[in-house]
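Protein chains in written order, with my numbering: chain A, 53 to 375; chain B, 53 to 375. Glycine included, C-beta positions come from ideal geometry on N, C-alpha and C. What follows is one structure encoded as structure tokens, with my remarks underneath.
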């Protein structure tokens, strides 16, 4: 079992790599090689099998062809220019999210072996301009360039799978909270910051109304589902290879109440509130209520308890406060 | 009012050009120049304004840039590699339908003037794998490469419009029946052949069950709707620039019954029946039942009577029988 994680330097990619190292197997077979590729070479991880790190710009067709010249049994495609960045820089988003995904699929098209490809799409491919809750058969009517590019990737993945070029499965990830580390250029970044920064003793800014709802999943459940999605029988998905991963719907107010319950009342003093119309417009366009029939039928996991998500973050990812 | 029809050599493009010549105006303004572009230079039409013909391969980015270096007020994008051809030749379909549409949108992106773009998508971007009837907010889950490429074009059109690069409106055309001329490589071609050929005294082959339903519109109504779609206020569409054009649902049996009623009982002897699994699979994957709320709200036209469609064909497009 040879596995390639494109976007293997990102936080989901690194957590997925660690989980695969812990398991040692995927699809019932021992993992022999795990390759982590990203725009900057990812740091290695400890594992009982070979782990290699690679610098890869997926917008570079030749580089992608070279990476795929080896046979991979499972390829995770997690690489993306994130939402606010793709909104601010249209060309950068098209380059990585649109052409990058196309390059990967094209590189796989003429392989003798058909790789399993797990493609990370996003709830951002949905919008609030259509009847809610979102179902697996609701139109992707994205109101961001990021969501548009992700939805296009879904369509390509489906057609390349239907034609037998790949064995793809595309999953729309909820906003993943609590992300460790530093804020990034995702419009959703603050959903993690308002929990992570106060816990680490730092101030955070909430740019939306506390009534704002979000559809989220924890890193732990997200990674577990990415493993499960690679293991399902692609044929069982029929003609539609893309579906939403389970999430939970919660307001910012409820997130902050859970934070207070876990970390004490003083912690909320570190959260300032100042509306940012740019962020607010993007986030309000995302659906926060989804039915996930396909994922539920497949037996995928779902977060139920935001306090547990906070405690998981404290146990595994929290960084010590600045001295 | 300067109008460019890409795909201006196709039968819908030529009928649209004639209708524009008849009208003389679009969007309340006198037409001064109509350019017809296609993979082979279209034949000219008579009009009171300037009409030019151009050879254009939309898969050729430089050629598209040159064509768009002039300012166009309205661009119709009707060019496509059709369904059965895109299914048989994946690369040809991607080249014209995927990159061709991208090339056009990119060429328009940096213009000072924002053109109205009317994009012909297709009912083939829908499938029967989702709850029927199809609504404007039903997922496009195409089961052909043609439908996939059309659905991707819709997503691009929407995002380029949202960002203000163009003023786009994408319309999913029903199968257009009765097409004049010869059969083409569209899987839907026989829906016209089984009417057209017998009327012209030639034999025709029906490759599907007579129970097969189809979602169709006449050339007359299709062209009238393409004119109306250019004239609506793009802003009125909100965040979703793509919608289905009205059609009628009819079985092959009902089509043949209407043919017999119009042309007499002997005519059906010219229609042979032999199932073709390739055509059947493609056609069965298309939805035949759609609700067209957006189009209805916009006041677009709808065919109601298949006998009238046959009579319209006989009056305007029928060719004399071979001597």
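**Asked** Taking any Cβ of chain B, which residues in the stretch 158 to 186 of chain A have a Cβ under 7 Å from it, in chain order?
**Response** 179, 181, 182, 183
**Item:** Interface residues of chain A facing residue 190 of chain B [CB-CB closer than 7 Å]
**Value:** Contacts between residue 190 of chain B and chain A, judged by CB atoms closer than 7 Å, involve 189, 191 in chain order.
**Message:** With the cut-off set at 9 Å, would you say residue 268 of chain B and residue 229 of chain B are in Cβ contact?
**Reply:** yes
**Message:** Less than 9 Å between the beta carbons of residue 113 of chain B and residue 159 of chain B, yes or no?
**Reply:** yes
**Item:** residue 161 of chain A to residue 105 of chain B span [Cα, whole Å]
**Value:** Straight-line Cα distance between these residues: approximately 38 Å.
**Prompt:** For chain B, is any of its Cβ atoms less than 9 Å away from the one on residue 215 of chain A?
**Reply:** Closer than 9 Å to some Cβ of chain B, the Cβ of residue 215 of chain A qualifies, so yes.
**Item:** Residues, ordered as in the chain, of the stretch 207 to 231 of chain B that lie near chain E by beta-carbon distance below 8 Å
**Value:** Checking the listed chains, one finds no chain E in this structure; the protein chains it contains are A and B.
**Request:** Tell me whether residue 53 of chain B sits in a helix, a strand or coil according to DSSP, three-state version.
**Result:** It is coil, neither helix nor strand.
**Asked** Under a CB-based cut-off of 9 Å, is residue 194 of chain B close to chain A?
**Response** yes
**Request:** Can you grab the Cα-Cα spacing for the pair residue 184 of chain A / residue 294 of chain A, in whole Å?
**Result:** 19 Å
**Message:** Could you check whether residue 296 of chain B and residue 180 of chain B sit closer than 9 Å to each other, using their CB atoms as the reference points?
**Reply:** no
**Prompt:** What residue ranges within the stretch 298 to 324 of chain A form continuous alpha helix (DSSP H) runs of no fewer than 4 residues, ordered along the chain?
**Reply:** Runs of the alpha helix (DSSP H) inside the stretch 298 to 324 of chain A: 304 to 315.
**Message:** Is there a C-beta anywhere in chain A that falls below 9 Å from the one on residue 204 of chain B?
**Reply:** yes
**Message:** Between residue 197 of chain B and chain A, is any beta-carbon pair separated by less than 9 Å?
**Reply:** yes
**Request:** Note down, in chain order, each residue of its chain lying with its Cβ closer than 6 Å to the Cβ of residue 200 of chain B, except the 5 sequence neighbours on either side.
**Result:** 194
**Request:** Pull out every residue of the stretch 269 to 302 of chain A whose Cβ sits closer than 8 Å to any Cβ of chain B, in chain order.
**Result:** 290, 291, 292
**Asked** Do the stretch 93 to 103 of chain A and the stretch 258 to 265 of chain A make contact, defined as three or more Cβ pairs closer than 8 Å?
**Response** no
**Among B:247, B:255, B:226, nearest to residue 313 of chain B - alpha-carbon criterion** = Comparing Cα-Cα distances from residue 313 of chain B to each of B:247, B:255, B:226, the minimum goes to B:247.
**Request:** Return the CA-CA distance between residue 221 of chain B and residue 171 of chain B, expressed in angstroms with no decimal places.
**Result:** About 6 Å.
**Request:** Tell whether a beta-carbon distance below 9 Å holds between residue 208 of chain A and residue 128 of chain A.
**Result:** no
**Message:** On the criterion of 16 or more Cβ atoms from any shown chain inside 10 Å, does residue 75 of chain B qualify as buried, or is it exposed?
**Reply:** Classified as exposed, residue 75 of chain B has fewer than 16 neighbouring CB atoms from the shown chains inside 10 Å of its CB.
**Message:** Under DSSP, the beta strand (DSSP E) around residue 294 of chain A begins and ends at which residues?
**Reply:** 294 to 296 is the span of the beta strand (DSSP E), which, as asked, contains residue 294 of chain A.
**Item:** 9 Å Cβ cutoff, residue 337 of chain B in contact with chain A
**Value:** yes
**Message:** At the 9 Å Cβ level, is residue 153 of chain A part of the contact set with chain B, yes or no?
**Reply:** no
**Item:** For residue 86 of chain A: DSSP bridge partner residues
**Value:** A:55, A:103
**Prompt:** DSSP beta-bridge partners for residue 267 of chain B?
**Reply:** B:301
**Item:** Where residue 370 of chain A falls: helix, strand or coil (DSSP)
**Value:** coil
**Asked** Span of the beta strand (DSSP E) holding residue 169 of chain A?
**Response** 168 to 174 is the extent of the beta strand (DSSP E) around residue 169 of chain A.
**Asked** Taking DSSP as the reference, what is the three-state secondary structure of residue 198 of chain A?
**Response** helix
**Asked** Starting from residue 146 of chain B and walking both ways along the alpha helix (DSSP H), at which residues does that stretch end?
**Response** Run containing residue 146 of chain B: none; DSSP gives neither H nor E here.
**Item:** Closer than 8 Å at the beta carbon, the chain A residues around residue 200 of chain B
**Value:** Within chain A, the residues near residue 200 of chain B are 207, 208, 210, 211.
**Message:** Do residue 151 of chain A and residue 111 of chain A count as a contact pair if the criterion is CB distance below 9 Å?
**Reply:** yes
**Asked** Exposed or buried, which one is residue 348 of chain B when buried takes at least 16 other CB atoms within 10 Å?
**Response** exposed
**Reference residue 87 of chain A, options A:237, A:331, A:79, A:107, closest by Cα** = A:107
**Prompt:** By how many angstroms is the C-alpha of residue 245 of chain A removed from the C-alpha of residue 211 of chain A?
**Reply:** 38 Å
**Prompt:** Quick one: what's residue 224 of chain B bridged to in DSSP?
**Reply:** B:173, B:296
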